[in-house]
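For the record, in the sequence shown the residue sitting at position 38 is 38 according to full-length UniProt numbering, with numbers rising by one throughout.
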Amino acid sequence: MGISTIYRRDIDGLRAVAVLGVVAYHFGASWLPGGFTGVDVFFVISGFVITAKLRREIACGEFSIFGFYEGRVRRILPALLTMLGVSLVLGWFLLMPGDYQDLGASAAYSAFGLGNLFFYGNTGYFDQAADLQPLLHTWSLGVEEQFYFVWPLLLLAGITFVRSHRRLIAILSVGLVAAFAYAVRKVGSDPTAAFYLPAPRAWELGLGAIIAFAPPLRNRALAETGNVIGIFLIATSFIAINSEMPFPGATALPACVGAALLVWPKATCYTAKILGMRLAVAIGLISYSLYLWHWPVLVFYRHYKGGAFPSGFEIVALAATTFSLAYLSWRFIEKPFRHKGSSSRTAVAVALATAALVAVPSLVVAQQSGFETRVPPETMGLSSLKAMWEWDCKTQYFPPLGGDYCVFGATVEEAKSFGIVWGDSHAEHAAALIEGVAQDNGIAFALLNNCPAALGASVRRVRADVPNYESLCADRRAAALRGLSDPRLRYMVLAGSWNPFSRFVSSETFPQKGRELVVAGLDELLGTVKRRDVSFILLDQVPTFDRDPVACHIAEVSGLIRSRCTDLGYRGYNASAIVQPKRFPGFDALARRYPFLTVVHPRDALCSDELQTCETEIDGELIFRDGNHLRRNLSPKARKDLAEHIGLADAIRSTVSLAGGSKL
1 MGISTIYRRD
11 IDGLRAVAVL
21 GVVAYHFGAS
31 WLPGGFTGVD
41 VFFVISGFVI
51 TAKLRREIAC
61 GEFSIFGFYE
71 GRVRRILPAL
81 LTMLGVSLVL
91 GWFLLMPGDY
101 QDLGASAAYS
111 AFGLGNLFFY
121 GNTGYFDQAA
131 DLQPLLHTWS
141 LGVEEQFYFV
151 WPLLLLAGIT
161 FVRSHRRLIA
171 ILSVGLVAAF
181 AYAVRKVGSD
191 PTAAFYLPAP
201 RAWELGLGAI
211 IAFAPPLRNR
221 ALAETGNVIG
231 IFLIATSFIA
241 INSEMPFPGA
251 TALPACVGAA
261 LLVWPKATCY
271 TAKILGMRLA
281 VAIGLISYSL
291 YLWHWPVLVF
301 YRHYKGGAFP
311 SGFEIVALAA
321 TTFSLAYLSW
331 RFIEKPFRHK
341 GSSSRTAVAV
351 ALATAALVAV
361 PSLVVAQQSG
371 FETRVPPETM
381 GLSSLKAMWE
391 WDCKTQYFPP
401 LGGDYCVFGA
411 TVEEAKSFGI
421 VWGDSHAEHA
431 AALIEGVAQD
441 NGIAFALLNN
451 CPAALGASVR
461 RVRADVPNYE
471 SLCADRRAAA
481 LRGLSDPRLR
491 YMVLAGSWNP
501 FSRFVSSETF
511 PQKGRELVVA
521 GLDELLGTVK
531 RRDVSFILLD
541 QVPTFDRDPV
551 ACHIAEVSGL
561 IRSRCTDLGY
571 RGYNASAIVQ
581 PKRFPGFDAL
591 ARRYPFLTVV
601 HPRDALCSDE
611 LQTCETEIDG
621 ELIFRDGNHL
631 RRNLSPKARK
641 DLAEHIGLAD
651 AIRSTVSLAG
661 GSKL
């Protein structure tokens with residue numbers, strides 16, 4: 001029953017494999033689309049190593065809960081708190097106030113092992129992009145620490161009260177299977193919770209824990225076979241899994257099983273010797289610091305570059321910086337603090353006090369809204385992605401749709417007629433533009449969001465991040481068609497991010513590919529419309545840039561340490577940077593086929609192919625939120641003027657008389 005506590009070089013080598021997979025993935029290695037599963041390998045390693053240690057201490061009567069937590073804080077906190085402190089300093093010089101405010105809040109959470117809870121609540125579609133959150137990687141530390149907050153006591157109770165070794169393993173196995181089943185179900189119902197919260201991740205740490213009770217593999221051939229299979233499973237995860245797949249759940253199983261096979265105690269074999277080679281062990285020893293530093297190094301540099309991903313040469317330089325910081329962190333922070341120098345209770349108390357010393361200034365940063373005085377007042381509207389998406393839309397009962405929706409323009413009670421803006425996030429920014437003209441014309445519009453109108457019937461889209469997305473879009477379509485049965489509904493605005501056409505799925509009805517599917521889906525919808533007193537407006541996509549004009553603007557006017565966009569001016573953005581056709585192919589043909597359809601092409605008004613420029617400002621305000629969304633926190637006048645400028649206001653006014661209203 002005994003388990004060896006002898007240092008195993010191969011486990012440090014496995015740590016090297018895990019961290020290199022994560023770092024390579026984050027640094028843009030397209031040949032490792034599943035490198036992020038290295039974190040899952042870490043969970044299994046951690047579950048095994050910690051449980052093996054706990055089991056030995058409990059068996060020898062040496063277990064102390066304060067002693068355990070002392071070991072954790074000595075292992076985790078010194079390097080973590082140093083990284084958090086450095087990040088707060090860098091954020092002062094590099095981040096806009098809204099982003100700096102988020103950094104402060106996430107640092108305060110992370111200082112006490114709660115980073116995953118912060119990011120669970122702050123990584124929605126319209127929060128700061130996840131890949132630009134400097135402390136996003138601390139979610140995994142939070143998962144571990146919350147697991148280990150309860151696991152030692154559960155293990156102590158199990159070993160104390162379940163005397164039979166086999167019965168204890170059986171109980172742990174049942175718990176492991178139940179935890180895995182829960183994780184799989186959670187991925188299908190709430191993928192964000194499944195990713196960030198400890199309960200859906202517990203089976204990964206638990207898998208490593210149960211291996212700590214497994215008998216050693218004495219047979220060398222069996223041991224070698226297990227290791228080879230383990231390496232194959234991890235390699236397969238790194239190569240075959242990608243971020244578009246549902247994760248973690250069952251998709252994390254190959255990496256976790258592979259790690260479990262490799263950490264399983266066994267006879268010495270060749271694969272273990274390979275993992276125990278000097279270079280692999282050296283990287284494994286600094287793997288924690290390497291994980292801690294690689295992400296803020298990359299993210300802060302991306303902020304400096306205006307969000308752009310670094311070039312090949314820059315990646316090499318960033319990697320060298322990361323490894324240097326990791327070694328220094330391991331040598332001068334991790335190692336010195338691992339040695340005991342006081343009682344366990346005192347060490348834990350000092351650790352918590354030190355965490356508070358980092359958390360307090362972090363909370364001040366958050367409470368002070370990221371210290372807005374660091375940037376000129378006129379840039380505050382660009383404070384963060386979240387700030388640029390703010391728009392006050394009241395929820396009301398909307399009769400044509402038979403439910404509560406975001407309603408704007410005229411109130412439902414005072415409206416002369418009703419309209420619907422239907423689509424995805426592009427419908428959400430279009431709604432803010434329509435608000436003023438709708439109010440002027442006595443129209444109450446409701447926002448029917450989350451799905452573009454081309455979806456919901458024969459044309460589909462699969463999204464791993466949104467459970468039951470196909471049925472959601474079918475429901476949206478059904479709601480819109482139900483709304484047409486209300487004679488007061490006279491206007492339907494269709495908006496969407498039409499150009500990522502590869503995300504749409506063909507069917508037997510429409511076997512086409514690419515942009516043809518968008519047109520086919522809209523054609524199918526419009527063909528079902530029987531009423532001729534309803535005016536449809538199809539909004540083509542706004543200019544979509546391969547470089548964020550907001551970042552260029554911020555670099556120019558904020559006074560922060562940012563790389564200037566010397567090649568592309570932010571006021572007359574180079575039209576060659578647009579990554580879409582001038583007009584979406586097929587939209588104008590739809591308008592010719594359906595007389596009740598009007599098409600609006602924003603790019604016609606905003607861009608000049610002759611001058612090779614696109615406008616990015618109106619009334620002195622930057623109109624873009626990112627490379628393909630408009631800001632919703634523009635002033636009411638700027639929103640109305642922009643709607644006029646791109647022809648959207650005129651299209652609505654023109655259709656008022658067609659739909660039987662009074663034209664202004």
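Cβ coordinates follow ideal geometry from the N, Cα and C atoms, glycine included.
Can you tell which of 81, 55, 53 and 608 has the C-alpha that lies nearest to the C-alpha of residue 113?
81
Give the secondary structure of residue 484 by DSSP, where H, G and I count as helix, E and B as strand, and everything else as coil.
coil
Identify the residues that DSSP records as bridge partners of residue 101: which are they?
For residue 101, which the question treats as bridged, DSSP gives no partner whatsoever.
Give a yes or no on contact between the segment 273-286 and the segment 65-78, applying the rule of three or more CB pairs nearer than 8 Å.
no
Length of the line joining the Cα atoms of residue 353 and residue 22:
31 Å
Residues in its own chain within less than 7 Å of residue 25 by CB, not counting five upstream and five downstream?
32, 35 and 36
Could you check how far apart the C-beta atoms of residue 477 and residue 457 are, in whole angstroms? I think they sit under 8 Å.
About 6 Å separates the CB atoms of residue 477 and residue 457; that is less than 8 Å, so the two are in contact.
Can you tell me whether residue 232 is buried or exposed? The criterion is at least 16 other CB atoms within 10 Å of its CB, across all chains shown.
exposed
Would residue 301 be called buried (16 or more neighbouring beta carbons within 10 Å of its own) or exposed?
buried
Measuring CA to CA, which of 179, 255, 234 and 629 is closest to residue 549?
629
Residues near residue 426 by beta carbon distance below 6 Å, same chain, minus five either side
495, 496 and 497
With distances taken Cα to Cα, identify the nearest neighbour of residue 145 among 364, 422, 111 and 7.
Nearest C-alpha to residue 145: 111.
CB of residue 590 within 8 Å of CB of residue 529, strictly
no
Anyone know if the C-beta pair for residue 135 and residue 107 falls short of 8 Å?
yes
With H, G and I counted as helix, E and B as strand and the rest as coil, what does DSSP make of residue 473?
helix
Roughly how many whole angstroms lie between the Cα atoms of residue 94 and residue 83?
16 Å
At least 3 beta-carbon pairs within less than 8 Å: the segment 550-566 vs the segment 636-643:
no
Proximal residues to residue 526 (C-beta, below 6 Å), its chain only, five neighbours per side dropped:
594
So, helix, strand or coil for residue 614, using DSSP?
strand
Output the distance between the C-alpha atoms of residue 130 and residue 542, rounded to the nearest integer angstrom.
23 Å
Identified DSSP bridge partners for residue 637:
Answer is none; residue 637 lacks a bridge partner.
Verify the contact flag: residue 164, CB atom, against every heavy atom of the ligand ZN, threshold strictly below 7 Å.
For the structure depicted, the ligand ZN is absent and the ligand set is empty, with no information on it obtainable.
Could you pull out every residue in the same chain whose Cβ sits closer than 8 Å to the Cβ of residue 661, ignoring the five residues on either side in sequence?
Since pLDDT at residue 661 reaches only 44, below the 50 mark, its modelled position is unreliable, and the value read off the structure follows with that caveat. Excluding sequence neighbours, residue 661 sits near 416, 417, 441, 442, 443 and 490.
Would you say residue 224 and residue 160 are within 8 Å of each other, going by their C-beta atoms?
no
Measure the alpha-carbon distance for residue 569 versus residue 558 and round it to whole angstroms.
Because residue 569 sits at a pLDDT of 42, beneath the cut-off of 50, its placement in the model cannot be relied upon, and the point is left open.
Whose C-beta lies closer than 7 Å to the C-beta of residue 303 among residues of the same chain, with five residues either side of it excluded?
94, 95 and 132
Beta-carbon separation (whole angstroms), residue 48 vs residue 212, contact threshold 8 Å:
5 Å
Taking all protein chains shown into account, decide if residue 468 is buried (16 or more other Cβ within 10 angstroms of its Cβ) or exposed.
exposed
Look up residue 598 in the DSSP assignment and give the residues it is bridged to.
537
Quick one: give me the first and last residue of the beta strand (DSSP E) that residue 492 is part of.
489-495
Anyone know if the C-beta pair for residue 421 and residue 447 falls short of 8 Å?
yes
Report the partner residues of residue 689 according to the DSSP bridge assignment.
Any answer about residue 689 is impossible in this case: the structure gives the chain only from 1 up to 664.
Using the three-state DSSP reduction, which class does residue 546 fall into: helix, strand or coil?
coil
Measuring CA to CA, which of 411, 151 and 206 is closest to residue 179?
206
Thinking C-beta only, is residue 290 closer than 8 Å to residue 326?
yes
Closest to residue 597 by C-alpha separation, out of 531, 250 and 307, would be which residue?
Considering only alpha carbons, the answer is 531.
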